[in-house]
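2 protein chains.
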Amino acid sequence: MAANTKPVLHGYFRSSCSWRVRIAFALKGIEYDQVTVNLIKDGGQQRTQEFQSVNPMQQVPAVEIDGITLCQSLAVIQYVDETRPGAKLLPADPKKRAQVRMISDLIASGIQPLQNLYVIQKIGADKVQWSQHFIDRGFKALEPILKQTAGKYCVGDEISMADICLVPQVYNAERFKVNMDQYPTIKRLNQTLLEIEAFKVSHPSNQPDTPADMSA
Amino acid sequence: MAANTKPVLHGYFRSSCSWRVRIAFALKGIEYDQVTVNLIKDGGQQRTQEFQSVNPMQQVPAVEIDGITLCQSLAVIQYVDETRPGAKLLPADPKKRAQVRMISDLIASGIQPLQNLYVIQKIGADKVQWSQHFIDRGFKALEPILKQTAGKYCVGDEISMADICLVPQVYNAERFKVNMDQYPTIKRLNQTLLEIEAFKVSHPSNQPDTPADMSA
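This is the structure:
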């Protein structure tokens, strides 16, 4: 596969981790092809043998790029940041880079996994309460951290991977009826970011696989 | 705070994410001070107001370094890798770096959070079965990925952040009685890595806060 072939994103419109990658591609101006993996239909297309050969973890996103297949959204985002021109998604200053990664990982390891589809399917009837609990727990920690690090965006005045993680997590919080008024900094950052074109074009309501009754 | 002050690691001997940081410090030859945060005693010292001012997420590790406080082990590891001399914990090649991050995140986002203390405390009586389920789920995905990427270590023949994540996760798997014979590549890599000095000195059985009946 040639390095200049368009990347292929295996994703799902409502997957928050797929949305992270879509935002990164939009911010970097990277054209890509999308393959829908419907996480609900047919008991979940991520469970097929065919998709397991793409990502044995049975999750989206998975990205075919430059002849390799990468899973885990933050690995994909940092790979394109390191190999593609355009806006930098991690700051040059090592301390700021560390803060961007800390905030990204707080969301990607500390919140999102606990309200992931395969986890809440195991939780069953209590899934809304369970998800609210862990999103609230994470946001209670994130709010004071962002109060210290944020400028216009999560870390200072440049958009970064932290912002890419924040917006899809707030979208999930709203789906699970978390009261965002408790988190004024998160709420303000999210509103600012949603005005940016890269966050709009990548939004779950605007994807090729978005159902007609959910599109904007 | 001067940049050459020793870092302070707030950790716990048995915390797998604290162990990751200890391995990284040992591999880089970084001297540090340890402050014990006993996750069990007094209902959990991570819950105190005092510790929440260090890490609002009420988790270890947290590291004071170069005048800032960093939480999230992979952010700490990449920060010291970018700012300290010595062995490189991420390879120079972008594709290999991406694979290292993918494997690290598969563990740090896809497995560890689901068997974290604050999660299994919420699960209660079923916690062993729950933890086994999610570790097995993750290792079933990790095994074929490592079969493709591994040389002597997780990615090729150089020790990396992926190895730093692997060994503490296998330690947790063994605590939860996961049958490691199902995962020959993971088992082989773990055995190889445990022979290395940096993994030995950082081991949970060798820490200042290791209880007498658990030390080697």
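Line by line, the protein sequences are chains A and B. Counting along the first sequence from 1, when you hit position 161 you're at 161 in UniProt numbering, and nothing is skipped either side. Counting along the second sequence from 1, when you hit position 2 you're at 2 in UniProt numbering, and nothing is skipped either side. Backbone N, C-alpha and C fix where the C-beta goes; we use that ideal spot for every residue, glycine too.
Query raised in the report: Is DSSP giving residue 304 (chain A) helix, strand or coil here?
Result: This structure leaves residue 304 (chain A) out entirely; chain A is present only between 1 and 216.
Query raised in the report: Between the C-alpha atoms of VAL155 (chain B) and MET102 (chain B), what's the straight-line distance to the nearest angstrom?
Result: Along the second sequence, read from residue 1 onward, the residue named residue 155 (chain B) stands at position 155. Along the second sequence, read from residue 1 onward, the residue named residue 102 (chain B) stands at position 102. Using only the alpha carbons, I get a separation of about 11 Å.
Query raised in the report: For PHE25 (chain A), which residues of its own chain have a beta-carbon under 6 Å away from its beta-carbon, when the five flanking residues on both sides are left out?
Result: Here the question's residue 25 (chain A) lines up with position 25 in the first sequence. Here the set comprises TYR32.
Query raised in the report: Going by alpha carbons, who is nearest to residue 218 (chain A) out of A:LYS6, A:ARG20, A:GLY110?
Result: The requested residue 218 (chain A) does not occur in the structure, where chain A is confined to residues 1 to 216.
Query - Integer-rounded CB distance, given that TYR171 (chain A) should sit under 8 Å from PHE139 (chain A) - result: In the first sequence, the residue the question calls residue 139 (chain A) occupies position 139. In the first sequence, the residue the question calls residue 171 (chain A) occupies position 171. Their Cβ separation, rounded to whole angstroms, is 13 Å, which puts PHE139 (chain A) and TYR171 (chain A) out of contact at 8 Å.
Query raised in the report: Nearest-angstrom Cα distance between THR149 (chain B) and THR210 (chain A)?
Result: Here the question's residue 149 (chain B) lines up with position 149 in the second sequence. Here the question's residue 210 (chain A) lines up with position 210 in the first sequence. Going from the Cα of THR149 (chain B) to the Cα of THR210 (chain A) covers about 35 Å.
Requested in this report: Could you confirm whether any beta carbon from chain A is found closer than 8 Å to the beta carbon of LEU119 (chain B)?
Outcome: Within the second sequence, the letter at position 119 stands for residue 119 (chain B). It is Val, not Leu, that sits at residue 119 (chain B) in the sequence shown. Closer than 8 Å to some Cβ of chain A, the Cβ of VAL119 (chain B) qualifies, so yes.
Query raised in the report: Just the Cα atoms here: how many angstroms apart are ALA2 (chain B) and PRO56 (chain B)?
Result: Translated into positions along the second sequence, residue 2 (chain B) becomes position 2. Translated into positions along the second sequence, residue 56 (chain B) becomes position 56. Annotation note: pLDDT 49 at ALA2 (chain B) (below 50); position unreliable, no value reported.
Requested in this report: Quick one: grab the DSSP three-state call for CYS17 (chain B).
Outcome: The residue you call residue 17 (chain B) lines up with position 17 of the second sequence. Shown here, CYS17 (chain B) sits in a helix according to DSSP, grouped into three states.
Query - ALA216 (chain B), DSSP secondary structure in three states - result: Counting from 1 along the second sequence, the entry for residue 216 (chain B) is found at position 216. Note that ALA216 (chain B) scores 49 on pLDDT, short of 50, meaning its location in the model is unreliable; the coordinates nonetheless yield the value given after this. The DSSP-derived three-state label of ALA216 (chain B) is coil.
Report task. Kindly provide the ranges of any alpha helix (DSSP H) runs that are 4 or more residues long and lie completely inside the segment 114-188 of chain B, ordered along the chain. Result -> 117-123, 127-149, 161-175
Requested in this report: Measure the beta-carbon distance from MET161 (chain B) to LEU90 (chain B) and round it to whole angstroms, keeping in mind my assumption that it falls under 8 Å.
Outcome: Taking the second sequence and counting its residues from 1, one reaches residue 161 (chain B) at position 161. Taking the second sequence and counting its residues from 1, one reaches residue 90 (chain B) at position 90. Contact holds; Cβ gap of about 6 Å.
Query raised in the report: Any Cβ of chain E within less than 8 Å of the Cβ of GLN78 (chain B)?
Result: Of the protein chains in this structure, namely A and B, none is chain E.
Query raised in the report: Using a beta-carbon distance below 8 Å, is residue 244 (chain A) in contact with chain B?
Result: With chain A covering 1 to 216 only, the question about residue 244 (chain A) has no answer from this structure.
Query raised in the report: Does any CB atom of chain B fall closer than 8 Å to the CB of GLY110 (chain A)?
Result: Start at 1 with the first residue of the first sequence, and residue 110 (chain A) comes out as number 110. Interface residue, yes.
Query raised in the report: With a CB to CB cut of under 8 Å and the five nearest residues on each side skipped, what residues in its chain are close to VAL60 (chain A)?
Result: Reading the first sequence from its first residue, position 60 is the one you call residue 60 (chain A). Hits under 8 Å: HIS10, GLY11, TYR12, SER15, CYS17, SER18, VAL37, LEU39, GLN46.
Query raised in the report: How about GLN132 (chain A) and PHE176 (chain A): are their beta carbons less than 8 Å apart?
Result: Translated into positions along the first sequence, residue 132 (chain A) becomes position 132. Translated into positions along the first sequence, residue 176 (chain A) becomes position 176. A contact, by the Cβ cut-off of 8 Å.
Requested in this report: Can you give me the Cβ contacts of SER202 (chain B) inside the same chain, cut-off strictly under 7 Å, excluding the 5 residues immediately before and after it?
Outcome: What you label residue 202 (chain B) is simply residue 202 of the second sequence in a count that begins at 1. So the list reads TRP19, ARG22, ILE23, ALA26, once near-sequence residues are dropped.
Query raised in the report: Excluding sequence positions up to five away, which residues of its chain have a Cβ less than 7 Å from the Cβ of VAL54 (chain A)?
Result: As a working mapping, residue 54 (chain A) is identified with position 54 in the first sequence. If we look at VAL54 (chain A) and ignore the five residues flanking it on each side, its Cβ neighbours are HIS10, ALA62, THR69.
**Report entry** The alpha helix (DSSP H) enclosing VAL8 (chain B), as first and last residue numbers
**Finding:** As a working mapping, residue 8 (chain B) is identified with position 8 in the second sequence. Taken as a continuous stretch (DSSP letters only), VAL8 (chain B) belongs to no alpha helix (DSSP H), being part of the beta strand (DSSP E) at 8-11.
Query - Enclosing alpha helix (DSSP H) for GLN99 (chain B) [first to last residue] - result: Position 99 of the second sequence, counting from 1, holds the residue named residue 99 (chain B). Counting along the chain, the alpha helix (DSSP H) containing GLN99 (chain B) begins and ends at 94-110.
Query raised in the report: Using the beta-carbon of each residue, which ones in chain B are nearer than 8 Å to LYS140 (chain A)?
Result: The count along the first sequence starts at 1 and reaches residue 140 (chain A) at position 140. Taking a Cβ-Cβ threshold of 8 Å, the residues of chain B close to LYS140 (chain A) are PRO56, in chain order.
Report task. Starting from the beta carbon of GLU82 (chain B), find every residue of chain A whose beta carbon is closer than 9 Å, and list them in chain order. Result -> Counting from 1 along the second sequence, the entry for residue 82 (chain B) is found at position 82. Simply PRO94, ARG97, ALA98.
Query raised in the report: Is LYS187 (chain A) near the ligand MG, with its Cβ less than 7 Å from a heavy atom?
Result: Annotation note on the ligand MG: not contained in the displayed structure, which lists no ligands.
Query raised in the report: Less than 8 Å separating the beta-carbons of PRO94 (chain A) and THR5 (chain B)?
Result: On the first sequence, residue 94 (chain A) is found 94 positions in, with the first residue counted as 1. On the second sequence, residue 5 (chain B) is found 5 positions in, with the first residue counted as 1. The beta carbons of PRO94 (chain A) and THR5 (chain B) sit no closer together than 8 Å.
Query raised in the report: If we ignore side chains and look at the alpha-carbon of each, how far apart do GLY44 (chain B) and ILE120 (chain B) end up?
Result: As a first step, residue 44 (chain B) must be located in the second sequence, where it is residue number 44. As a first step, residue 120 (chain B) must be located in the second sequence, where it is residue number 120. Just so you know, the alpha carbons of GLY44 (chain B) and ILE120 (chain B) end up roughly 14 Å apart.
Requested in this report: Give the secondary structure of ALA207 (chain B) by DSSP, where H, G and I count as helix, E and B as strand, and everything else as coil.
Outcome: Residue numbering aside, residue 207 (chain B) sits at position 207 when the second sequence is read from its first letter. Residue identity differs from the one stated: residue 207 (chain B) is Gln in this sequence, not Ala. It is coil, neither helix nor strand.
Requested in this report: Measure the Cβ-Cβ separation of ILE145 (chain B) and TYR153 (chain B) and say whether it is below 8 Å.
Outcome: What you label residue 145 (chain B) is simply residue 145 of the second sequence in a count that begins at 1. What you label residue 153 (chain B) is simply residue 153 of the second sequence in a count that begins at 1. In this structure, TYR153 (chain B) does not lie closer than 8 Å to ILE145 (chain B) by Cβ.
Query raised in the report: For LYS41 (chain A) versus GLY86 (chain A), is the C-beta spacing smaller than 8 Å?
Result: The residue labelled residue 41 (chain A) in the question sits at position 41 within the first sequence. The residue labelled residue 86 (chain A) in the question sits at position 86 within the first sequence. No; because the gap between Cβ atoms is not below 8 Å, this pair is not in contact.
Query raised in the report: Would residue 256 (chain A) pass as a contact of GLU64 (chain A) if the rule is Cβ separation under 8 Å?
Result: In the structure as shown, chain A begins at 1 and stops at 216. Residue 256 (chain A) is therefore absent and cannot be evaluated.
Query raised in the report: In terms of alpha-carbon separation, which member of A:PRO208, A:ILE186, A:ALA173, A:ASP163 lies closest to residue 217 (chain A)?
Result: Absent from the model: residue 217 (chain A). The displayed extent of chain A is 1 to 216, so no value can be given.
Report task. Quick one: give me the first and last residue of the beta strand (DSSP E) that GLN78 (chain A) is part of. Result -> Translated into the one-based positions of the first sequence, residue 78 (chain A) becomes position 78. From DSSP, GLN78 (chain A) is part of no beta strand (DSSP E) but of the alpha helix (DSSP H) over 73-83.
Query raised in the report: Where do the N-terminal and C-terminal ends of the beta strand (DSSP E) with GLN34 (chain B) fall, by residue?
Result: As a first step, residue 34 (chain B) is located in the second sequence; it is residue number 34 there, counting from the start. Element bounds for GLN34 (chain B): 33-36.
Query raised in the report: How about LEU194 (chain A) and LEU166 (chain A): do their beta carbons lie closer than 8 Å?
Result: Position 194 of the first sequence, counted from the first residue, corresponds to residue 194 (chain A). Position 166 of the first sequence, counted from the first residue, corresponds to residue 166 (chain A). Cβ distance not < 8 Å, so LEU194 (chain A) and LEU166 (chain A) don't count as in contact.
Query raised in the report: Do you know offhand how far VAL178 (chain B)'s Cα is from LYS147 (chain B)'s?
Result: As a working note, residue 178 (chain B) is residue 178 in the second sequence. As a working note, residue 147 (chain B) is residue 147 in the second sequence. For VAL178 (chain B) and LYS147 (chain B), the distance between alpha carbons rounds to 20 Å.
Query raised in the report: Got a sec? Which residues, its chain only, sit under 7 Å from GLU143 (chain A) by beta carbon, not counting five neighbours each side?
Result: In the first sequence, residue 143 (chain A) corresponds to position 143, counting from 1. The residues are TYR183, THR185, ILE186.
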